[in-house]
Every structure is written in structure tokens, then in C-alpha cells.
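Below is one structure, written out as C-alpha cells, with a few remarks after it.
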Amino acid sequence: MAGNQAVLPAGRAPRLQLDRDALTKRGLMVVIAVYLVAALALPLYAMLSKSFTTYSFDLARYEFQVSDETGGNWSDPVSAKALNDKLNAVAPADLATISDGRLPATSFFPDFSFRSPVKYRIRGVGPTAPYLVGLELFNSNEWKELSGNDFRRVMLRPVQSRSLANYVTYFSTPALFRSIENSLFIATVSTILTVILAFGFAYAVNRSCMPFKPVFRLIAMMPILVPSLLPGIALIYMFGNQGYMKELLLGESIYGPLGIVIGSVFFTFPHALIIISTALSISDQRHYEAAESLRASAWRTFWTVTIPGARYGLISAAFVTFTLVITDFGLPKVIGGQYNVLAVDIYKQVIGQQNFEMGAVVSVVLLIPAVVAFIVDRIVQKKQVALLSARSVPYQPRPDRRFDGFCLVWCGVVAFFIVGVIGTCQFAALAKFWPYDLSMSLNNYAFDRMDGGGWEAYRNSIRLGLLTAVIGTAIIFTGAYMVEKIDGFKTGRGLFQLLAMLPMAVPGLVLGLAYIFFFNNPANPLHFIYGTMTILVICTITHFYTVGHLTALTALKQIDQEFEPVAASLRTPFHRLFARVTVPVCMPAILDISIYMFVNAMTTVSAVVFIYSTKTNLASVAVLNMDDAGDIAPAAAMGMMIFYTNAIARIVHAALSRGVLARTQAWRKR
Amino acid sequence: MTQSTAGGQRAAAAPDPSAYLEIDGLWKAFGDFLALRDVSLQVNQGEFICFLGPSGCGKTTLLRAIAGLDPQTRGTIRQGGQDISTLPASARDYGIVFQSYALFPNLTIEKNIAFGLENIGRPRAEIRARVAELLELVGLPDQAGKYPAQLSGGQQQRVALARAIAISPGLLLLDEPLSALDAKVRVFLRHEIKELQRKLGVTTIMVTHDQEEALSMADRIVVMNQGVIEQVGTPTQVYRHPASLFVADFIGETNKIETTFSAGKVKIGKTSIATSATGFSRGASVVAVIRPEDVVPHSAGRKPARSAGANLIEVEIESMEFLGSYWRAHLAGKALAGTELIANFSMNAVRRLSLAEGKTMTVELPAERVLVFNADGGGDGR
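The listed protein sequences derive, respectively, from chains Y and E.
Just so you know, we're using the numbering used here here: the first sequence kicks off at 149 and counts up by one.
Just so you know, we're using the numbering used here here: the second sequence kicks off at 1075 and counts up by one.
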């Protein structure tokens, strides 16, 4: 009898020869991994390193000589540093600058006059000492002789170094630093409100016998179809300086935290609702029957059965809402007034002050809460899955007049709010001149007469949406297939999975800014896509990669693990299995991913606002820019165009899903 | 280093020319856990082999190594004289059927079976004819246009079987093919699969944890435990002459009595029982094993006449259970001194000897049916 040896003999494990299949799979995976690295990892790295980059004038690197009035008799060389130490012309704090900073050399010569015949010489000391004469850049250790008239055009240029200085500056500037507090405050309050409202709504829809449930479900999903700016615009019309319900605020201003919170609740509501609704819908009827047989009061049952059963959903919803609010930029931009939050700071630093380094610092600060929320959410989600897999008897609500009535009121109020916001926008878009002439006209839809890109922007958005939906879905689904169904190559797959999860933790603005740093660098061979539709498509796919990836993974996990072995034993290459079985079986999930990509491509502002160009203006960005320019009514009109487009896309998606299901999923029917 | 010596001897052994599948010194490690430990096996052309053992014994691991789905850590596999140890699954020659059937849900039965054929690029008419032939063979001639979900579990498994043999593989691998089915369907399919295999003459390996399945279907059974082959033998060999205490215990029912060995005899209770076992040292602790159906009933008071090796024990019937085709009796008594014996008595014997609870009787433990094993689980010295 064999087997008394209990120790593996020395030697090497045999490696299976790679067949064409294995090579193709690995090749495909490498392609998608390279995509993720180029579209995500490298830009983020570029941004991170940018945040540590500082620019300052290093005065010790320059030396000057001055002649007498005859143009001869040169003085001894003296460094700019020595001059500055003596004169105190430039305060040490002012030596720090941005990448584009310039310091006139004449600062160190108080009695300089370009009319005098005195001549000047300048030279660098050490390898890098850049300075400009006019537009010409010099970087040399040779003396350069200049007349007074030329010398006044000499500008010292900063040198780059790496340090924590940007962070030090950030945390010692109260105006910037306060934004952290503001952001956390807004996000926390909005999260609490949204989760309470969404829980009530989900509870009513899942656990009561109130009428009109399908209508409420439909209305609750409407905010997903519009950019987050839109509730801001609606709130201005409702409660702004000329708002029709301004009195309700009792003198409070809607511009500021109040407006941001109300708008945030609006646009995060459907996200929270979906998660909580899922959690509530999986509760077990038997637990309630047990509670009833033990004569527990409804109140006690609620706290001991309902809430614990839904707790992972609640936690997950809270973190998702928190992340959405803290990373959102459109809404506080529109209605935030003087109230600064992190996301708007990034925009202001980059677009307003051209201080890219500080923008990078704020981005890194904004990444922290987003990443923490993301990690906690992942942990919680894993536990939720375990709950889901348990077999349970679905809960059947019983009619209860008082309770059902209460639910109807709750949902009615929420639905009224949502419809009110969208309705206000629609009304404002159609009104001739709010609030003075409310007669209807389509003037506000004449986008070509306003700033922001006109109808071209709208067409671009649709192009972006379609391209993102088609290309993104193909990339995401193939990538997920490689992660889920390839055998061996474990480390590679783990890394890939990590890369695929990363986008969820990266706020859109941060991604957009990272794209500037990475793709706008002339040394980057991919520089040519900067300013094109391609970069917008890549950015949008990457921004929304994770949710699509997870949807695809879920669908793939439900497929029998033995299909690949069976296909291999039948000596059929995997791409045939993929095309004939995997894709058709996963078609519902694939359609879901594409509609998700389309709708988000239509509404997103944050990621693309940094990288659109005049040729690739987008509808959502146009809403922002028109609002910025004071054309609020056209902004509302454009927002509504996005809404209708997405609504139509949804309807098409539903019809398509039904058609595809009928054709390719005949097997689902018994 | 005894290990390397053992390995050297194995390598020196000439391969059996008649073997279709030769597994030599196979190891499989999952991290620190050794799922297979030095497994060697030869399967002949056209044989039906069952890998039998409790869950976690390594039987599925061994099958997956043969299929190239989870390559071994050490050792070689040869099929039809060719070393396939490093071939990927798609380059090996086998058909496989899984417990889950793994039928493609969106393809009709016909398309499922044709899946492997289409890839070879056969003409359509030929494929159609082959599919019809296969459907006939598995007894589902009129189900071609249906989807898998429209068939019962047993029917689906037959489709999976048809799909696996469609490409006429040299080796058929069955991974617990019947475990997901109802008891009745399972018994029926057992017979069907065996018949089919005999008709096609395809070398077949089936993994199962169901001993009845293995005993009824296999030409030879490979009993595995903890990554090691305990015994390879025909169903009767494995049942009648288990090579180890584990095999004796795992297959069928047994009375296990811990005792000591002396001069060919073991003590059961107060009685010395003769055995045909040899090779144990005097006083060695051993386990004596006898199957319930090997306990021979006699009427009470029968004297140990003629031969001293008659192994007769006076017992009392403590309880009896009626199990349909036979009775199971729990035997105790002074002579057994606390040891309990279980015996299966035929209806006939019970009637003839008027056995009933509380009665005393004499039982005989035939010497050649009393198996003796080392207490630590080793063989019986034969």
C-alpha cells in the first residue's frame, strides 16, 4: 500500500502547457489591465506626485554683475540671495510660487532704471537656473550681458522640488481648511436625512398595502436621470431671491448649507432607496410570524426584527450617500454661495486660480473620506451577501388602514418633493422671463444663442453616452469575465480586481484633475487624445467602471462554474463558449450595465469638467456654465433635455430588455 | 532517506503495456494541505473504475488532475501511452459529466450535444445524424428541440452524458453524476450508464461517495482516504477482503471489536475465536471485524462439536429490528462480556429457529470471515 510518506518529495510542480485559449485569455486580460493602469492608476499617481510638487525661486542659483555708467568696470559677482538678504526685496514666503511663477530680476536692484546706461550680467549657478529674457528661456552658467532695457525683461523662473509644503500651506490656510469641516457637516446631515427618508419610503413600498406603489417607485427613480446641478437650479427658483416659496424659509438663505443639503437629499435619494429596498425585500416572513406568536408589540418587532435585518443595507446606504454628497461638485457650485466645500475648492483652485498643485492637495484630502467610506462599504456588502443567500420566505404585508395611510402620506410627500423639483425646472425652462412674464415659450431652448456650447453640446453628450455605453460595457464585461472565469494567474487576477474596484473610491473631480496631469503632459505619448472625445469616453468609462464590473461579476457568478471545463473537454475554444453561451445568458446584466453607463455619461459633470474642450462641450457642463453665466432658465432647459433623453433611454432599454429576453432567454420559460 | 528510495523503486517498475491510463506517484498540495499523497494507479482499456471515499479523501482532486483542470503538484499521468502530465485540458482526450450537469441553458438539447461536434467542423447533416443517434442511445429521441430547464434532472444528466460522448473520447470522466438525483432515478440511471459504457467500451472513471453505486457499477473500485489509495480491487474483493480497517469500515456494515491476538486466535468477550489471520505478534492489540451477515445463527445449546475451530458463542438476543428482507439482531450475553454483536438473520432463519427478543441462541463466527487488523488501522498480515 502506498502513501506512508507524508512529505511532498522535492521537485517542481509541472506546469500545464499554455494552449491558444490560455494565451488569448491572458492577452485579453493584459489589454484590459493596461487600460485600467493607463486610465486610472497612472493618472492618480501623477496627481499624487503633483500634490507633493512645489515651485519656488531659488535665489542662490543666480548671480549678477553690474557695470558703471560707462558700461564697463563690472562689480564683483553677487548672488540674488545675498542681494535679497540685504534688501529684503522678496519676503521668504513669497518665494514659493506656482509652476508658472515669474520673479523680475529688477526686484533686487532698487535703483534700477531702464533709461540709465548701466549694464547688467546674469548667470546661473549649478545645473538648473532657468530665467526668461522676454519670452526666451535661458538656463546657462555663462554670463549673459544685457542693457538696462533688456534687463527689465529678465524674469527668474521657479525650480521644482518635492516636499510636503503644499500640505503645510493647505492646513495652515483657514479658508481652505474650513472646507473639510463644511464638507463633513453637509455630508453627515444629508446622509442622515436621506437614509431616514429612503428607509421610510422603502419600508412603505415593501411592507405596506398602500396603493400606487408602482407610481411611487417610478417617481423615486427620477433623480437618477438628472445632473446633480438640477435640484440646485430648482431650489433657486423655489427659495432663491425671487423664489415663489421664499417666505417659507423665514428669512434663511437657500444659498449655502441649507440648499446643498436639500439638493443632496434629492439626488442621493434613489441611490439610498435601491440599497435599503433590497435589504428590506429579503427579510424573512417567518421571523415576523415568530415575533407575533411571542406576542411582541409592533414597535418591539420593528426594533428587534426589521432594523437588524436591514442594518447592513442601512449602513451601506449611509456610506454610499455620504460618498456621493462629499464628492459632488455641481450642486454646491450652483447653490453653495459663499459656503465652501472640498469639491468646489478643487474646482476653484484649478479653474479659478490655476493652482494645480493645491488642487491636487485638496483632491488627496477629498480622497480620504471617499476611500474610507468605500472600504467600510465593501466590508458591509460582503456580510450582506451572506444574508442574501439564506433561503427565506418572503414577507407578505397585511392591510392596515392607519399604517397604510401613514405610508401613503410619507411617500406622497417625498414624491411631491421630487416631482416639484423637476416640475419647477420644467416650468422655469418654459417661462418667458421668470418671474415677471410667465407665459410659455421655447426661447430658453435656443441654446445656440447662449454660452455653454449650444445644441452641439447636447449632441456631444449623446455621442458620449452611446460610446461609453457600447465600448464601456464591452470592456467591463470582458474584464469581469477574465477575473471570474480564468483559471490560474491568481496574483494577476487579484491585482486586476483591485484596479476594477478602485474607481468607486475616486471622486469624479479627482479623476478629472488626474487626467489633466497625466494626459496634458506633452511628454506623454497619449497626449494626443487630450481635448478629444476619446479622453471623455475613457474618463467616463473609468469613472463608472466599478458598478458595471460588480453587476457583471454577479451575473457571471450565477453561471455554472463547470461550463469552461466542459467546453475545454469538448475541445471548443473559450471564445465560442463566450459568444454562444456566456454573453446570451448574461444579456440582461449587459443591458443593465449599458443603460447605467449611458445615463451617467449624460449626467456627469465632475469628471469631465476639467477635460472637455471647446469642440467637445457637453450638455451637463453646459448646464453648469450657463448657470455660472447667469442664464439659469436655459440651464434648467438643458437639464430637462438631459432628463428627457435619459427617460427615453430608459424606456428603450426596457423595451430592448424585453425583446432580447424573449429572443435569447426562451429557456427561462418552462 | 526512505522516501527517495521508495520513489526510486517506483520509477524503476516497468509500465504495464496493457494499461490505458497510468498514474504514477501523483501528489497534490493546496498550500500546506496534501490532497493527494503519492497516488499510483493503472486503468485498463475499457474498464469502469470508481473512485470511492468519504468527502475530502482526494477522489475529485484525482479526477480533476486527470482532466487537466487542477494539475498535480508532482507525478506523471500517461494516457494511451502518451505523457499527458502537462497537457492543458483542451488538448487531452476525455469527455466529462459533472454533478451539476453543466448544460448550456440557452441552447436546445440538440445544440448542447452538437456543441463539441460543431467545433470540429463536421458537415451539418452529419452532426444532425450523430445527435439523433446519441439521443436514441441515451433514450431521449424526441427531446431534441427542448431547453435543458424543460427536462427532469435525470433527463438532463443523460443529455450531459450524450454531450460528453459525442466527440467519442478515449476516456469518460463522471464526477458524482448521480448525486443530485432522486433515489429512484439514481438506481435506474446507474444501470443505464453501466449499460451504455459496456456498449461503447469506453474507459470510464466515476467519482462517488456512494458505496452502493460503486459496488454495483464498477469493474474495479479504488477506495481512497486522506489523499491515499487504501485498496484497489473488484467489488467483491473490496467487500469480502478489505485491505484495511478503513475499507472494512467504510464499505458495508461491520462489527468492530478491539482485542488482542494470540496464536491465530482473538478473544471476543470470554470466548477465544479462531481466525485465519497470521503475521501478528503474540499479544498484539488488534481489531477483529466481522460483517453482520457473516454471523451464522444456530439454535440454543448447540455444543462446540467436532472441530475446535467452530467458533460458537452462546448469546442472548437483546433486540430485533425488522428491515424488510431480513432481521437485524443486537446480541449480548455473558459469553460476550459487554461486547455487543450485530447480526443479520434471514426471515427463514428467524422462523426456523424461532428467534425472538430475550431468547438465547448460539452463533457461529466462521474463522475465515473474521478479519483481523492492526489497531492502528494497518492490514491483517496477509
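Where is the CB? At the ideal position from N, CA and C, for every residue including glycine.
Given the structure is predicted, the values throughout are model-derived calculations rather than measurements.
Contacts around residue i, its chain only, beta-carbon distance under 6 Å, and the 5 residues preceding and following it disregarded
i, result
"Y/Ala579", "Leu586"
"Y/Gly404", "Gly485, Tyr487"
"E/Ser1346", "Lys1339"
"Y/Gly407", "Leu383, Ile483"
"E/Glu1431", "Ile1391, Ser1393, Met1394"
"Y/Phe644", "Ala181, Val631"
"E/Leu1289", "Pro1309"
Rounded C-alpha distance that separates residue i from residue j
i, j, result
"Y/Gly478", "Y/Leu377", "5 Å"
"Y/Ala154", "E/Gly1301", "10 Å"
"E/Ser1318", "E/Ala1417", "21 Å"
"Y/Glu400", "Y/Ser412", "18 Å"
"E/Leu1270", "E/Phe1125", "19 Å"
"Y/Gly602", "Y/Val757", "16 Å"
"E/Phe1107", "E/Asp1098", "20 Å"
"E/Ala1163", "E/Pro1197", "25 Å"
"Y/Leu462", "Y/Ala350", "11 Å"
"Y/Ser255", "Y/Gln502", "24 Å"
"Y/His675", "Y/Leu515", "25 Å"
"E/Gly1227", "Y/Pro157", "43 Å"
Spatial neighbours of residue i in its chain, beta-carbon cut-off 8 Å, leaving aside the 5 residues before and after
i, result
"E/Gly1244", "Tyr1094, Gln1153, Gly1154, Asp1167, Tyr1168, Val1276, Thr1277"
"Y/Asp476", "Ser376, Ser412, Phe415, Ala491, Ser754"
"E/Glu1121", "Tyr1094, Thr1277, Thr1278, Asp1293, Arg1294"
Residue j beta carbon less than 8 Å from that of residue i
i, j, result
"Y/Ala335", "Y/Phe470", "yes"
"E/Ala1411", "E/Lys1344", "yes"
"E/Val1312", "E/Ile1303", "no"
"Y/Ile372", "Y/Pro418", "yes"
"E/Ala1362", "E/Val1446", "yes"
"E/Ile1123", "E/Arg1356", "no"
"Y/Tyr744", "Y/Val685", "no"
"Y/Thr342", "Y/Ala420", "yes"
"E/Gln1119", "E/Glu1096", "no"
"E/Pro1222", "E/Leu1177", "yes"
"E/His1315", "E/Gly1127", "no"
"E/Thr1160", "Y/Pro162", "yes"
"E/Ser1350", "E/Ala1441", "yes"
"Y/Val509", "Y/Asn314", "yes"
"E/His1372", "E/Met1435", "yes"
Contact set for residue i: own chain, Cβ-Cβ below 7 Å, skip 5 residues either direction
i, result
"E/Val1369", "Leu1415, Ala1417, Val1437, Leu1439"
"Y/Gln529", "Ser464"
"Y/Val473", "Ile334, Ala335, Ser338, Thr339, Ser412, Thr416"
Burial state of residue i, where buried means 16 or more other Cβ atoms lie within 10 Å
i, result
"Y/Trp447", "exposed"
"E/Ile1267", "buried"
"Y/Leu725", "buried"
"E/Asp1112", "buried"
"E/Ala1086", "Confidence is the limiting factor: at E/Ala1086 the pLDDT is only 39, short of 50, which leaves the residue's position unreliable, though a coordinate-based value still follows. E/Ala1086 should be labelled exposed."
"Y/Met652", "buried"
"E/Phe1464", "The displayed coordinates of chain E run from 1075 to 1456. Any statement about residue 1464 of chain E would go beyond what the structure contains."
"E/Lys1258", "exposed"
"Y/Tyr584", "exposed"
"Y/Asn289", "exposed"
"Y/Pro359", "exposed"
"Y/Tyr606", "buried"
For this session: Give, in chain order, every residue of the region 1126-1150 of chain E whose Cβ lies closer than 9 Å to some Cβ of chain Y.
Result: Taking 9 Å as the Cβ-Cβ cut-off against chain Y, the residues of the region 1126-1150 of chain E that qualify are Arg1138, Ala1141, Gly1142, Leu1143, Asp1144, Pro1145, Gln1146, Thr1147, Arg1148, Gly1149, Thr1150.
For this session: Please list the residues of the region 690-714 of chain Y that have a C-beta atom closer than 7 Å to any C-beta atom in chain E, keeping them in chain order.
Result: For the region 690-714 of chain Y, which is checked against every Cβ of chain E, the residues closer than 7 Å are Asp708, Glu710, Phe711, Pro713, Val714.
For this session: Compile a chain-ordered list of the residues in the region 1157-1171 of chain E whose CB is closer than 7 Å to at least one CB of chain Y.
Result: Listed by position along the chain: Ser1159, Thr1160, Leu1161, Pro1162, Ala1163, Ser1164, Ala1165, Tyr1168, Gly1169, Ile1170.
Problem set entry | Proximal residues, the region 616-641 of chain Y versus chain E, C-beta separation under 8 Å | Listed by position along the chain: Asp635.
For this session: For the region 1172-1192 of chain E, enumerate the residues whose C-beta is nearer than 9 Å to any C-beta of chain Y, in chain order.
Result: Residues Phe1172, Gln1173, Ser1174, Tyr1175, Ala1176, Leu1177, Phe1178, Pro1179, Asn1180, Leu1181, Thr1182, Lys1185, Phe1189, Gly1190, Leu1191, Glu1192.
For this session: Anything in the region 160-183 of chain Y with a Cβ closer than 8 Å to a Cβ of chain E? List those residues in chain order, please.
Result: Per Cβ criterion, the list reads Ala161, Pro162, Arg163, Leu164, Gln165, Leu166, Asp167, Asp169, Ala170.
Exercise. If contact means a Cβ-Cβ distance below 7 Å, which residues of the region 1093-1112 of chain E contact chain Y?
Worked result: Within the region 1093-1112 of chain E, the qualifying residues are Trp1101, Ala1103, Leu1108, Arg1111, Asp1112.
For this session: Mind checking the region 414-434 of chain Y against chain E and listing, in chain order, the residues whose C-beta falls within less than 9 Å of any C-beta there?
Result: Taking 9 Å as the Cβ-Cβ cut-off, the region 414-434 of chain Y has no residue approaching chain E.
Exercise. Which residues, in chain order, does the region 1234-1258 of chain E contribute to contact with chain Y at a C-beta distance below 9 Å?
Worked result: Residues passing the 9 Å Cβ filter: Ala1234, Arg1237, Ala1238, Ala1240, Ile1241, Pro1243, Leu1247, Asp1249.
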